[in-house]
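K.L.:
Next up is a structure, given as structure tokens.
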RNA sequence: GCGGCUGUGGCGGAAUGGUAGACGCGGCGGAUUCAAAAUCCGCUUCUGGUGACAGAGUGGGGGUUCAAGUCCCUUCAGCCGUACCA
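In my numbering, the protein residues as written are 16 to 869.
Below, the structure written as structure tokens:
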């Protein structure tokens, strides 16, 4: 009997698949297509267990769909621009491009060792001009269509490094590398008009029925649509500078007669104007700015304000005067940076009013309350109700009140109905070297001028110096200086590059047609898109997925294709976790550094005790990582893949354990041994004459086909693995002397092999060949179950008395209700409870249960 | 604060409102072995009982139903997202 030699088998079949071109995708209008995509990796250097999980899940889906007769597209590539490459350049003096290319080579080899069914011919890296030139064209098209524009915006500036920092690079207000306090600077930057699509992006969420609810909700909240009104409050007091009114946004115009003050943000233009002449106001504004930067403090911050002394008139009754406060809880970034305060129906406004002695006037009466007895003291009433104390609107419900209010302020010329979004336009400028150059030239005479298409691509210069501070592009004289395409005068190139989310916003389109000189062809996109199943981490639930949805719409608008939603199905997988270990000094230990000794852990090298801690997401900092390469070398890719699928449902976090891998390995070895036992020369797979345990086995095999197929289609891979175990167990239980035992066994083992093939493909191929086949499972269609053979002849069902299980009996399938009832009542266990009396009621649920009520 | 998700044996987890704990891990016992590993067989929710069996049991409390892990109300805990969003 030959030993199961995973490394040898795996290499052999990877090569065979490759030679046969099994996974090459070609457009075939006669076959239904299926596009499976896993989020492509950043080439950080080595794959980690998160990748293994992600790509195993995708590969099972891809292999299963291919066997089911779909024309499958399953590609892989590299999200290759990004900051770590620049850091490597600075730390080790290696060029970001070289570093990236080396990492890709290493990770490609690792991915290939997993036996993933990719069409490698479609591979690309986003850092090559061959890829990024297309997004330069797209950007120019966006510019022409008014979907891209330039405006000033705040950035985090590191004064030591002379560079812009991403929010994540600012730690406690200081640069993560330099430690210098970060400055806020205003820079002119490029934006994409994602807000143009806000309504559509929001409405279309409802149609994404194969997306997790969680992700749909997060996108919904992120877009953050609020319906309301913009209302103008005119200053009664003298204008401040040229400001004579305050515009306010509200979602509750129905509460307008409950207004008792107006509050503006500390960085509102009016606040600045007041601060210019009022020392106390200036001090308060400075206070607010200080508070704003310290993050956690905001959470518990008290409602604080400063009375400017200014007074505005109520827009619907100028005789009502309201004071104007600067308030720390009003944000300039949202709405208009100003609010009207209605303390009775907003908790913040109420807290503020109570702190500053402002009136509280209820105008919305909750259902069932009496107008004379209803007061608000500490808790605002924020729900709907009936308006009162509101003149003409008295008696209207909240919704009608909102409409009436909008009509009234419109008629009075004091405002309009308005919808605001939390979603901001997407700032795509990054002051970085390792990204796609933005194809614009800045001319002192003509302003920003798009690079003419004939001059594209604008490629990154290779000879850059990372030792100097700042963006290497800004320091590269011969690249930076150019001539204006319009006037021919001296000009400078745009030195910013695109946000790396730019690349990942259309890579799924490039895969459809990776050699196209137009990014992708509309025909290829029309055939392959949308992605039928997208799989990746939930950390991309908002940004990447939202940008991609936007980008697809924007590209459609400028004529690249005709599509709105790029991803029809989405699955977000959970994290791979592992127990953490610390030594006696609290230092983190790798799992490979410790040994289990009874229920205690020791440091293998020193014999000192180790402390086992929480099970957490695998992370380098806590060292609770297991290197996939070592697992694959030790156990094989098939085992690693099988364990990834075995225990936890894919959307949930899973714990990587040594014993779990051992279990998966043990199972594969067992299947291997069972296959060796089959006498290929004599055992037929004709199961027609099987009887007894052999017949049972045939039935279990057919059932396994039905159940496992459904499990894969529903992403219940842990159950799919359980089906394999049950079939294997049944094979072990067949009695050798029962009629047809050998045939049943062979049929069951062949079935098991085929069902195993999407999960652990190499061993399945090897066994398939061993069983005398000269076909490859990668080319085989999925087994079909015979529904008659999959059905049980008889079923054991439970008998309850008053809902409590008292006995079980075996009945033929679909047994007549009368027979079932009689058989149940004949049970001695039931008789004991009946005590000679007739039952009150007998409920017979066919093939399920019988409940006797006494 | 708000929104969402999750609570089931020692552990990961199964259960179209219909026999709770499939399958695996771990554990216990046995076979095999000079011995160990590997492998095979049996047991393994808890309590009582040699046993047949009885009682309890899906975070807690209540409800609907012949029947609830599953549906409804309420409450607690953990995790995730998000935030003075007007």
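Each residue gets a CB set at the ideal place from its N, CA and C atoms; glycine is no exception.
Please state if the CB of residue 395 and the CB of residue 361 are separated by a distance shorter than 8 Å.
P.N.:
Closer than 8 Å, so yes.
K.L.:
Secondary structure at residue 335, three-state DSSP: helix, strand or coil?
P.N.:
Strand, per DSSP.
K.L.:
Over the uninterrupted beta strand (DSSP E) stretch that includes residue 815, give me the two end residues.
P.N.:
809-816 is the span of the beta strand (DSSP E), which, as asked, contains residue 815.
K.L.:
Across the region 53-66 and the region 110-125, are there enough close Cβ pairs to call them in contact, namely three or more that are closer than 8 Å?
P.N.:
Contact between the region 53-66 and the region 110-125 is present, because at least three Cβ pairs lie under 8 Å.
K.L.:
Quick one: give me the first and last residue of the beta strand (DSSP E) that residue 763 is part of.
P.N.:
It is not in any beta strand (DSSP E) - residue 763 instead sits in the alpha helix (DSSP H) that spans 756-771.
K.L.:
Nearest CA to the CA of residue 376: which residue from 302, 404 and 400?
P.N.:
Selected option, being the one with the closest Cα: 404.
K.L.:
Going by DSSP in three states, residue 686 sits in which element: helix, strand or coil?
P.N.:
Helix, per DSSP.
K.L.:
Rounded to whole angstroms, how far is the Cβ of residue 460 from the Cβ of residue 432, which I believe are closer than 8 Å?
P.N.:
Rounded, the Cβ-Cβ distance is 44 Å, inconsistent with contact.
K.L.:
For residue 6, tell me which candidate among 512, 567, 712 and 224 has the shortest Cα-Cα distance.
P.N.:
It is not possible to answer for residue 6, since the shown part of the chain is limited to 16 through 869.
K.L.:
From the DSSP output, read off the bridge partner residues of residue 247.
P.N.:
Answer is 262, bridged to residue 247.
K.L.:
Assuming residue 279 and residue 258 form a contact by the criterion Cβ under 8 Å, report the distance between their Cβ atoms to the nearest whole angstrom.
P.N.:
Not confirmed; about 10 Å, so no contact.
K.L.:
Are the CB atoms of residue 231 and residue 220 nearer to each other than 8 Å?
P.N.:
It is a contact, given that the beta carbons lie within the stated cut-off.
K.L.:
Helix, strand or coil: which one does DSSP assign to residue 588?
P.N.:
Residue state, collapsed to three classes: strand.
K.L.:
Under the three-state reduction of DSSP, which class applies to residue 610: helix, strand or coil?
P.N.:
Looking at residue 610 - three-state DSSP - the assignment turns out to be strand.
K.L.:
Specify whether the region 73-81 and the region 758-773 touch according to this definition: at least 3 beta carbon pairs, one from each stretch, less than 8 Å apart.
P.N.:
With the cut-off at 8 Å, the region 73-81 and the region 758-773 touch.
K.L.:
If you draw a straight line from the C-alpha of residue 859 to the C-alpha of residue 849, how long is it?
P.N.:
Approximately 17 Å between the Cα atoms of the pair.
K.L.:
Whole-angstrom Cβ separation of residue 499 and residue 456, contact assumed at under 8 Å?
P.N.:
Going by Cβ atoms, the distance from residue 499 to residue 456 rounds to 6 Å, so yes, they are a contact pair.
K.L.:
As a quick exercise: from 869, 164 and 785, pick the residue whose alpha carbon is nearest that of residue 814.
P.N.:
Among 869, 164 and 785, the Cα nearest to that of residue 814 belongs to 869.
K.L.:
In whole angstroms, give me the CA-to-CA distance for residue 793 and residue 83.
P.N.:
Looking at the two C-alpha atoms, the distance is approximately 11 Å.
K.L.:
How close, in whole Å, do the beta carbons of residue 749 and residue 712 come, if the pair is a contact with beta carbons under 8 Å?
P.N.:
Between residue 712 and residue 749 the Cβ distance is about 5 Å, and since that is below 8 Å, they are a contact.
K.L.:
Quick test of the definition: if touching needs 3 or more C-beta pairs under 8 Å, does the region 135-147 touch the region 88-102?
P.N.:
The answer is yes - the region 88-102 touches the region 135-147, with three or more Cβ pairs under 8 Å.
K.L.:
Exposed or buried, what is residue 218 when buried is set at 16 or more other beta-carbons lying within 10 Å of its beta-carbon?
P.N.:
Exposed, since its Cβ has fewer than 16 Cβ neighbours within 10 Å.
K.L.:
For the alpha helix (DSSP H) containing residue 168, name the first residue and the last one.
P.N.:
Element bounds for residue 168: not the alpha helix (DSSP H) but the beta strand (DSSP E), 163-173.
K.L.:
Taking buried to mean at least 16 other C-beta atoms within 10 Å of its own C-beta, is residue 408 buried or exposed?
P.N.:
With 16 or more Cβ atoms within 10 Å of its Cβ, residue 408 is classed as buried.
K.L.:
Does DSSP put residue 507 in a helix, a strand or coil?
P.N.:
Strand, per DSSP.
K.L.:
What does a CB cutoff of less than 6 Å around residue 86 pick up in its chain, not counting 5 residues either side in sequence?
P.N.:
For residue 86, where only same-chain residues beyond five positions count, the Cβ hits under 6 Å are 43, 46 and 48.
K.L.:
Figure out for me which residue from 635, 489 and 818 has the closest Cα to the Cα of residue 592.
P.N.:
The option with the nearest alpha carbon to residue 592 is 635.
K.L.:
Restricting to Cα atoms, I'd like to know which of 462, 450 and 484 is closest to residue 510.
P.N.:
Measuring from the Cα of residue 510, the nearest candidate turns out to be 450.
K.L.:
Tell me whether residue 775 sits in a helix, a strand or coil according to DSSP, three-state version.
P.N.:
Note: residue 775 maps to coil in three-state DSSP.
K.L.:
Quick one, are the C-beta atoms of residue 233 and residue 557 less than 8 Å apart?
P.N.:
Yes.
K.L.:
Under the three-state reduction of DSSP, which class applies to residue 875: helix, strand or coil?
P.N.:
Since the displayed the chain opens at 16 and closes at 869, residue 875 lies outside it and no answer follows.
K.L.:
Leaving out the 5 sequence neighbours to the left and right, which residues in its chain are closer than 7 Å to residue 133 when beta-carbon positions are compared?
P.N.:
Closer than 7 Å at Cβ, skipping near neighbours: 38, 89, 90 and 91.
K.L.:
Report all residues from its chain with a CB closer than 7 Å to the CB of residue 882; omit the five preceding and five following residues, and keep chain order.
P.N.:
The chain is shown from 16 up to 869; residue 882 falls before or after that span and cannot be answered.
K.L.:
Determine the closest residue to residue 384 out of 28, 402, 374 and 424, with distance taken between C-alpha atoms.
P.N.:
Checked all of 28, 402, 374 and 424; the closest Cα to residue 384 is 402.
K.L.:
For residue 745, collect the residues of the same chain with a Cβ closer than 6 Å to its Cβ; drop the 5 residues on either side in sequence, then sort them by chain order.
P.N.:
Here the set comprises 712 and 715.
K.L.:
In this structure, does DSSP put residue 97 in helix, strand or coil?
P.N.:
Coil at residue 97, not helix or strand.
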